[in-house]
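Order-wise, the sequence lines are chains A and B.
Using our numbering, the letters of the first sequence map in sequence onto residues 1 to 332.
Using our numbering, the letters of the second sequence map in sequence onto residues 1 to 332.
There are 2 protein chains.
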Amino acid sequence: MLLNSLAALPALTIPLSFAISSASAQTDALPSWNEGPTKASITDFVTRVTTQGGPDFVAPADRTAVFDNDGTLWVEQPMYVQLAFVLDRVKALAPQNPGWKTKQPFKAVLGGDMRALAASGEQGLIQLIAATHAGMTSEEFAKVTTEWLATARDPRFKRPYTELVYQPMLELLAHLRANGFKTYIVSGGGVEFMRPWTERVYGIPPEQVLGSSIKTRFEMRDGRPVIFRLPQINFIDDKAGKPVGINQQIGRRPIAAFGNSDGDLEMLQWTTMSGGPRFGLIVHHTDAEREYAYDRQSHFGKLDKALDAAAVNKWTVVDMKRDWKKVFPFQE
Amino acid sequence: MLLNSLAALPALTIPLSFAISSASAQTDALPSWNEGPTKASITDFVTRVTTQGGPDFVAPADRTAVFDNDGTLWVEQPMYVQLAFVLDRVKALAPQNPGWKTKQPFKAVLGGDMRALAASGEQGLIQLIAATHAGMTSEEFAKVTTEWLATARDPRFKRPYTELVYQPMLELLAHLRANGFKTYIVSGGGVEFMRPWTERVYGIPPEQVLGSSIKTRFEMRDGRPVIFRLPQINFIDDKAGKPVGINQQIGRRPIAAFGNSDGDLEMLQWTTMSGGPRFGLIVHHTDAEREYAYDRQSHFGKLDKALDAAAVNKWTVVDMKRDWKKVFPFQE
Numbered sequence: 001m002l003l004n005s006l007a008a009l010p011a012l013t014i015p016l017s018f019a020i021s022s023a024s025a026q027t028d029a030l031p032s033w034n035e036g037p038t039k040a041s042i043t044d045f046v047t048r049v050t051t052q053g054g055p056d057f058v059a060p061a062d063r064t065a066v067f068d069n070d071g072t073l074w075v076e077q078p079m080y081v082q083l084a085f086v087l088d089r090v091k092a093l094a095p096q097n098p099g100w101k102t103k104q105p106f107k108a109v110l111g112g113d114m115r116a117l118a119a120s121g122e123q124g125l126i127q128l129i130a131a132t133h134a135g136m137t138s139e140e141f142a143k144v145t146t147e148w149l150a151t152a153r154d155p156r157f158k159r160p161y162t163e164l165v166y167q168p169m170l171e172l173l174a175h176l177r178a179n180g181f182k183t184y185i186v187s188g189g190g191v192e193f194m195r196p197w198t199e200r201v202y203g204i205p206p207e208q209v210l211g212s213s214i215k216t217r218f219e220m221r222d223g224r225p226v227i228f229r230l231p232q233i234n235f236i237d238d239k240a241g242k243p244v245g246i247n248q249q250i251g252r253r254p255i256a257a258f259g260n261s262d263g264d265l266e267m268l269q270w271t272t273m274s275g276g277p278r279f280g281l282i283v284h285h286t287d288a289e290r291e292y293a294y295d296r297q298s299h300f301g302k303l304d305k306a307l308d309a310a311a312v313n314k315w316t317v318v319d320m321k322r323d324w325k326k327v328f329p330f331q332e
Numbered sequence: 001m002l003l004n005s006l007a008a009l010p011a012l013t014i015p016l017s018f019a020i021s022s023a024s025a026q027t028d029a030l031p032s033w034n035e036g037p038t039k040a041s042i043t044d045f046v047t048r049v050t051t052q053g054g055p056d057f058v059a060p061a062d063r064t065a066v067f068d069n070d071g072t073l074w075v076e077q078p079m080y081v082q083l084a085f086v087l088d089r090v091k092a093l094a095p096q097n098p099g100w101k102t103k104q105p106f107k108a109v110l111g112g113d114m115r116a117l118a119a120s121g122e123q124g125l126i127q128l129i130a131a132t133h134a135g136m137t138s139e140e141f142a143k144v145t146t147e148w149l150a151t152a153r154d155p156r157f158k159r160p161y162t163e164l165v166y167q168p169m170l171e172l173l174a175h176l177r178a179n180g181f182k183t184y185i186v187s188g189g190g191v192e193f194m195r196p197w198t199e200r201v202y203g204i205p206p207e208q209v210l211g212s213s214i215k216t217r218f219e220m221r222d223g224r225p226v227i228f229r230l231p232q233i234n235f236i237d238d239k240a241g242k243p244v245g246i247n248q249q250i251g252r253r254p255i256a257a258f259g260n261s262d263g264d265l266e267m268l269q270w271t272t273m274s275g276g277p278r279f280g281l282i283v284h285h286t287d288a289e290r291e292y293a294y295d296r297q298s299h300f301g302k303l304d305k306a307l308d309a310a311a312v313n314k315w316t317v318v319d320m321k322r323d324w325k326k327v328f329p330f331q332e
């Protein structure tokens with residue numbers, strides 16, 4: 001019997017090792033990430049902070065992870081999705097606003113004159129936001145956003161913007177949550193532009209979405225309470241505003257931060273430059289074929305200072321082309 | 001055997017019914033609430049929204065409950081706890097600020113002249129807040145708050161303020177959470193004054209605490225990132241500010257709201273005046289012996305319009321004296 005068993009061993013090793021590698025493949029939480037130091041830096045960090053009794057163990061309540069949205073979780077080229085929304089809304093509302101034909105920055109939008117639009121600067125953008133994001137209740141705005149996202153298509157991929165999310169980042173979000181992390185979005189984008197769809201697309205509920213906002217007012221309309229959106233900026237959740245927003249709304253210092261541009265620099269500094277185990281990651285867009293390649297010179301998602309800071313602070317830099325097996329869920 | 005069993009039945013009924021009533025007592029989630037319509041309105045609501053397949057079932061993700069703090073979860077007499085903190089801090093900081101001896105509103109605080117202090121109005125209060133809440137980092141402020149709460153004693157009960165919390169409300173918070181609710185504080189008090197202790201005292205983590213705030217700024221100090229507190233009001237989370245804050249930070253409409261004063265009126269309206277099962281509750285302070293009795297004429301926690309609105313909107317009104325078996329955890 002024993003001899004027979006021993007004799008059978010070499011034959012057994014093949015199915016056994018097959019079984020092991022198959023099990024290991026099944027438990028790879030990040031299948032769209034190529035093996036290498038980038039992927040290892042993520043899985044090592046998660047292992048360290050979740051190893052009970054280990055020197056870097058972090059209690060589940062303190063496992064807060066913050067993610068930028070534009071360029072970190074979904075596309076931001078050829079322009080921010082919310083800017084595409086603004087331009088579409090101006091066109092949709094133009095018939096009710098005949099004066100816009102001759103008034104900047106609306107004239108530039110309606111005539112497709114991107115140079116004149118850029119020349120209108122921040123003041124022009126604020127006017128466009130006021131015209132398209134205010135003057136209605138929060139419920140009404142959520143409806144407008146949802147309807148637009150259901151019908152709008154990205155000019156290059158011809159797909160809804162909510163499909164242009166990064167598969168490796170979806171896996172990363174899920175992996176963190178499976179390990180007790182609470183995942184937040186901390187975006188320069190409008191908070192009420194994101195909340196209607198972040199739960200469905202990213203698994204991130206409304207209360208874990210932070211963003212820029214305009215002022216709102218509570219009022220009774222026909223005996224019904226509403227939140228009315230006003231044409232004034234309330235908070236810009238970008239650059240140094242990100243740690244301010246995190247402190248204001250979460251009230252905990254994150255232990256992991258994920259971004260892709262200079263707008264995320266201060267959030268990454270705030271997260272990683274303190275005692276204890278910390279993780280910072282920057283998505284570097286290096287893949288013009290499958291997505292886009294841009295950094296220091298880009299109009300949207302400029303990555304310059306934060307790329308230099310990544311080297312100094314030992315943040316992980318994702319080389320999209322090298323590190324990601326696939327970019328979008330729909331790609332092979 | 002069967003006959004024997006049947007013969008034994010009457011004898012069995014006594015221990016059985018004892019066992020049932022004992023089990024029922026053990027599962028009373030609100031033991032400090034006297035039986036009656038107030039308690040029943042709470043347990044009925046919770047049963048309705050958690051009964052799967054029932055007409056009022058609410059998915060766990062939508063079970064958001066918001067609680068005022070001052071006068072709803074802890075004492076607000078003879079003055080708001082945070083005001084006691086301000087007065088103590090002015091006294092503690094006076095030696096470093098010799099000019100305060102002759103300058104209002106500081107002079108009024110140092111001389112215990114409450115009439116002069118009241119006369120300084122909102123502008124005086126803002127000066128006091130600026131002098132005691134700003135000019136330091138968020139970490140430093142948390143330390144000051146924590147140290148003060150550890151040593152300060154309520155003038156009547158001679159106990160730390162964090163012991164002057166309402167036992168029936170602690171049970172209610174726990175009961176809601178046990179039934180899948182996410183419990184939030186939405187207070188007019190300072191958000192960073194509350195966050196250091198709400199998890200320990202109420203089981204409510206920092207990210208579920210909303211409150212008033214001053215402006216803050218992110219900056220690098222000696223190569224270390226900090227959030228610095230500035231002497232300017234950022235947001236007043238009171239009255240019509242409460243639904244605005246809820247929409248801004250939670251991004252969901254609550255299905256249950258708990259308050260005790262006119263400062264909670266709009267939050268209760270926003271929560272309850274919409275379709276679907278909703279619950280509103282007002283704590284009416286009617287117990288001068290065990291706590292305090294006040295409503296329409298009170299300087300702190302005035303309950304006037306919201307008491308009238310409670311009747312119109314069918315909000316539950318807690319008669320503290322009648323409905324609560326005990327008020328504080330330390331009372332028999």
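We treat Cβ as the ideally placed atom computed from N, Cα and C, and that holds for glycine.
By the criterion of a C-beta distance shorter than 7 Å, Arg89 (chain B) is surrounded in its chain by Thr132, once the five residues flanking it on both sides are discounted.
According to DSSP, His284 (chain A) shares a beta bridge with A:Asp319.
Here Phe181 (chain B) has Arg63, Ala65 as same chain residues with Cβ atoms under 6 Å from its own Cβ, once five neighbours each way along the sequence are excluded.
In terms of CA proximity to Gly111 (chain B), B:Lys91 leads the group B:Lys91, B:Leu125, B:Ala119, B:Asn260. At a cut-off of 8 Å between beta carbons, Thr183 (chain A) makes no contact with chain B. Minimum Cα-Cα distance from Phe300 (chain A) among the listed residues A:Asp28, A:Gly71, A:Phe57, A:Val165 corresponds to A:Gly71. Counting the other CB atoms within 10 Å of its CB gives Asp308 (chain A) a total below 16, which places it among the exposed residues. Closer than 8 Å to the CB of Trp315 (chain A) there is not a single CB belonging to chain B. In this structure Val58 (chain A) is buried. Its beta-carbon is surrounded by 16 or more other beta-carbon atoms within 10 angstroms.
Closest in C-alpha terms to Pro277 (chain B), from the list B:Lys101, B:Val81, B:Thr47, B:Asp56, comes B:Asp56. Within its own chain, the residues whose Cβ lies closer than 7 Å to the Cβ of Gly54 (chain A), once the five positions on either side in sequence are excluded, are Arg48, listed in chain order. Unbroken alpha helix (DSSP H) runs of no fewer than 4 residues, entirely contained in the region 102-165 of chain B, are found at 106-111, 114-119, 121-133, 138-151, following chain order. In the DSSP assignment, Phe193 (chain B) falls within the alpha helix (DSSP H) that extends over 191-202.
Minimum Cα-Cα distance from Arg200 (chain B) among the listed residues B:Gln248, B:Ala174, B:Ile236 corresponds to B:Ala174. Secondary structure note for Ser213 (chain A): its beta strand (DSSP E) is the uninterrupted segment 209-221. The contact set of Glu266 (chain A) on chain B, defined by CB atoms closer than 7 Å, consists of Phe218 in chain order. At a cut-off of 8 Å between beta carbons, Trp148 (chain B) makes no contact with chain A.
Interface with chain B (8 Å Cβ-Cβ cutoff): Gln232 (chain A) is excluded. By the rule that beta-carbons nearer than 8 Å mark a contact, Asn69 (chain A) does not touch chain B.
With a threshold of 8 Å between beta carbons, Ser212 (chain B) makes no contact with chain A. Three or more beta-carbon pairs separated by less than 8 Å link the region 243-254 of chain B to the region 202-210 of chain A, which places the two stretches in contact. When secondary structure is reduced to three states using DSSP, Arg253 (chain A) falls in the coil class, being assigned neither helix nor strand.
Shown here, Thr64 (chain B) sits in a strand according to DSSP, grouped into three states.
Close to Ile227 (chain B), with beta-carbon spacing below 7 Å, are these residues of chain A in chain order: Pro243, Val244, Asn247. In the DSSP secondary-structure assignment, Val226 (chain B) is bridged to B:Glu219. Taking a contact to require three or more Cβ pairs closer than 8 Å, the region 224-240 of chain A and the region 276-291 of chain A do not qualify as touching. For Val186 (chain B), not one C-beta of chain A is nearer than 8 Å to its own C-beta. For chain A, the residues of the region 267-285 of chain B that bring a beta carbon within less than 7 Å of one of its beta carbons are Gln269, Trp270, Met273, in chain order. Straight-line spacing of the CA atoms in Gly275 (chain B) and Glu266 (chain A) works out to 42 Å. Contact check for Gln82 (chain A) and Gly190 (chain A): beta-carbon distance about 6 Å, within the 8 Å limit, so the pair qualifies. Here Thr146 (chain B) is exposed, its C-beta having fewer than 16 other C-beta atoms within 10 Å.
For Lys39 (chain A), the closest C-alpha among the options A:Phe330, A:Trp324, A:Asn313 is that of A:Trp324. DSSP, read as helix, strand or coil, puts Asp88 (chain B) in helix. Per the DSSP secondary-structure output, Asp70 (chain B) pairs in a beta bridge with B:Trp74. By the neighbour-count criterion, in which a residue is buried when 16 or more other Cβ atoms sit within 10 angstroms of its Cβ, Gly263 (chain A) is buried. In this model, Trp148 (chain B) and Ala118 (chain B) are separated by some 24 Å (Cα to Cα).
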